[in-house]
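Last residue of the sequence shown? That's 302 in our numbering, and every number before it is there in order. Data block below; observations after.
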Amino acid sequence: MRLNDPKLRAAIAELGVEYQPDVSFAGKTSLGIGGTSDLLLIRKHASLPELIHLLDNAGVPHRFLGGGTNVLLPDGDLPWVVLQLARHKEDAVIEGNSVHVDCSADLGRTVTYCAKHDLGGMEGLIGVPGSVGGALRMNAGAYGTQIGPFVREVEVYRAATGRIETLRGSEINFEYRHTSFAPDDIMLAVRLELPSKPYREILQGIRICNEKRRSSQPLNQKSAGCIFKNPPGGSAGRMIDEMGLKGYGVGDARVSDRHANFFVNAGHASAADMLALISYVRGRVREMYGVELEEEVIVWK
Ligand code: EPU
Numbered sequence: 002m003r004l005n006d007p008k009l010r011a012a013i014a015e016l017g018v019e020y021q022p023d024v025s026f027a028g029k030t031s032l033g034i035g036g037t038s039d040l041l042l043i044r045k046h047a048s049l050p051e052l053i054h055l056l057d058n059a060g061v062p063h064r065f066l067g068g069g070t071n072v073l074l075p076d077g078d079l080p081w082v083v084l085q086l087a088r089h090k091e092d093a094v095i096e097g098n099s100v101h102v103d104c105s106a107d108l109g110r111t112v113t114y115c116a117k118h119d120l121g122g123m124e125g126l127i128g129v130p131g132s133v134g135g136a137l138r139m140n141a142g143a144y145g146t147q148i149g150p151f152v153r154e155v156e157v158y159r160a161a162t163g164r165i166e167t168l169r170g171s172e173i174n175f176e177y178r179h180t181s182f183a184p185d186d187i188m189l190a191v192r193l194e195l196p197s198k199p200y201r202e203i204l205q206g207i208r209i210c211n212e213k214r215r216s217s218q219p220l221n222q223k224s225a226g227c228i229f230k231n232p233p234g235g236s237a238g239r240m241i242d243e244m245g246l247k248g249y250g251v252g253d254a255r256v257s258d259r260h261a262n263f264f265v266n267a268g269h270a271s272a273a274d275m276l277a278l279i280s281y282v283r284g285r286v287r288e289m290y291g292v293e294l295e296e297e298v299i300v301w302k
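Here is the structure:
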């Protein structure tokens, strides 16, 4: 989608929002899939309510993109203008056991930064790709650790009120790969509370998690991590593997040879290829196990 109205573009520029025309989102997602659209890069959180107000008034459809690591975008000309938070150099501030982090910050770098200040607990999250905001929205987790329990306060733009609000951690419901945030809430900043732990000890935990991940996940291929959530008490990866579907593909979209719940873009996969593969595998699991798998990856439609 193109922002063709010069008056609207001027008003957006006045808010300090950076306009990037005709961006290819294949280059901005870990799956390497996605069409083109204009991108609005938000430098100051405070400009968001006015920006969205302007777009809504002008009837311009918009979507917010986080780190791009757990999302499947359509091909071609996207029917939305895309909003994204700009990354800042200094995105985390530590005060005692409290860490105030911008949601555009990289999750892995945040874990390492906190470790260097002897703050631990998040070791399991080290290899989870993506931004702090994305991790927060879906309560990302790995190796027994989820981000939710560390959250004390969240600064969020609520589409329902059109305002930036601060929520206490206790007001948010964190479940397995799910939170009580509304789909159109935009995570802006978070305050985490982390336990004190010596750097060396944290580093040891980080190394173990990295090793486990390297041995079981296709880290050097384009993917969005696990495609499906695990069903209660089960493992999507194990079921897909048991059916002999590793390596199965539609176009260049493939079930990874390494971990069957990772679907990789092995070349020039389109969104249509990936969606067809998701639908095929879901159908096979339904037939074989009577289980309806739910996507973990967020599909823009
Ligand atoms: N398994 C297979 N074949 C496979 C993959 C897995 O038999 O191809 C078996 C494993 O041997 C193991 C079981 O399935 O016995 C579970 O596998 P794994 O330990 O890899 O964990 P997972 O449940 O598949 C979850 C998260 C991952 C996270 C890992 C490590 C989900 C959907 N996935 O995977 O998170 O990294 O645990 O904690 O909850 C993600 O969310 O995108 C993600 C990658």
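Positions of the beta carbon are idealized from the N, C-alpha and C atoms, including for glycine.
Is the separation between the beta-carbon of residue i and that of residue j shorter than 8 Å?
i, j, result
"Ile-203", "Glu-96", "no"
"Tyr-281", "Met-240", "no"
"Phe-264", "Ala-273", "no"
"Ala-136", "Ile-148", "yes"
"Gly-17", "Phe-26", "no"
"Ala-270", "Ile-34", "yes"
"Phe-175", "Arg-138", "no"
"Ser-38", "Val-61", "no"
"Leu-193", "Val-100", "yes"
"Asp-258", "Lys-198", "no"
"Ile-279", "Val-72", "no"
"Val-152", "Asp-186", "no"
"Ala-190", "Asp-103", "yes"
"Met-244", "Arg-285", "yes"
"Val-292", "Pro-232", "yes"
"Leu-1", "Val-83", "This structure cannot speak to residue 1, because the chain is shown only from 2 to 302."
"Arg-214", "Gly-128", "yes"
Tell me, to the nearest whole angstrom, how far the beta carbon of residue i is from that of residue j; I am working on the premise that it is less than 8 Å.
i, j, result
"Ala-93", "Ala-106", "6 Å"
"Leu-108", "Val-133", "5 Å"
"Leu-246", "Ala-261", "6 Å"
"Ala-12", "Leu-74", "With a Cβ gap of about 27 Å, Ala-12 and Leu-74 do not count as contacting."
"Glu-297", "Cys-227", "5 Å"
"Met-2", "Pro-80", "6 Å"
"Thr-146", "Leu-126", "6 Å"
"Leu-41", "Leu-52", "7 Å"
"Gly-69", "Thr-30", "4 Å"
"Ile-178", "Asn-140", "Note that residue 178 is Arg in the sequence shown, not Ile. Their Cβ separation, rounded to whole angstroms, is 6 Å, which keeps Arg-178 and Asn-140 in contact under 8 Å."
Any heavy atom of the ligand EPU within a distance shorter than 7 Å of the CB on residue i?
i, result
"Tyr-290", "no"
"Asn-231", "yes"
"Ser-217", "yes"
"His-260", "yes"
"Tyr-144", "yes"
"Gly-67", "no"
"Arg-239", "yes"
"Cys-227", "yes"
"Glu-297", "yes"
"Asp-6", "no"
"Asp-242", "yes"
In the DSSP assignment, find the unbroken beta strand (DSSP E) run with residue i in it and report its ends.
i, result
"Leu-9", "Not the beta strand (DSSP E): Leu-9 falls in the alpha helix (DSSP H), residues 7-15."
"Gln-307", "Outside the displayed span of the chain (2 to 302) sits residue 307, for which this structure offers no information."
"Val-83", "82-86"
"Ile-165", "164-169"
"Glu-124", "From DSSP, Glu-124 is part of no beta strand (DSSP E); its letter is neither H nor E."
"Gly-226", "223-227"
"Ala-254", "254-256"
"Asn-266", "263-266"
Using the three-state DSSP reduction, which class does residue i fall into: helix, strand or coil?
i, result
"Ile-98", "In the sequence under discussion, the amino acid at residue 98 is Asn, which differs from the Ile named in the question. Residue state, collapsed to three classes: coil."
"Gly-28", "helix"
"Arg-44", "coil"
"Met-139", "coil"
"Val-191", "strand"
"Phe-65", "strand"
"Lys-117", "helix"
"Glu-293", "coil"
"Asn-58", "helix"
"Val-133", "helix"
"Ile-173", "coil"
"Ala-93", "strand"
"Val-298", "coil"
"Gly-250", "strand"
"Thr-70", "coil"
"Ser-197", "strand"
Starting from residue i, follow the alpha helix (DSSP H) in both directions and report where the run begins and ends.
i, result
"Arg-215", "200-217"
"Arg-159", "Note, Arg-159: premise wrong, no alpha helix (DSSP H); beta strand (DSSP E) at 152-159."
"Met-244", "First-last for Met-244: undefined, no H or E at that position."
Compute the minimum distance between the beta carbon of residue i and the heavy atoms of the ligand GTP, and state whether it is under 7 Å.
i, result
"Ser-236", "For the structure depicted, the ligand GTP is absent and the ligand set comprises only the ligand EPU."
Of all the CB atoms in chain C, is at least one closer than 8 Å to the CB of residue i?
i, result
"Glu-51", "Of the protein chains in this structure there is only one, and it is not chain C."
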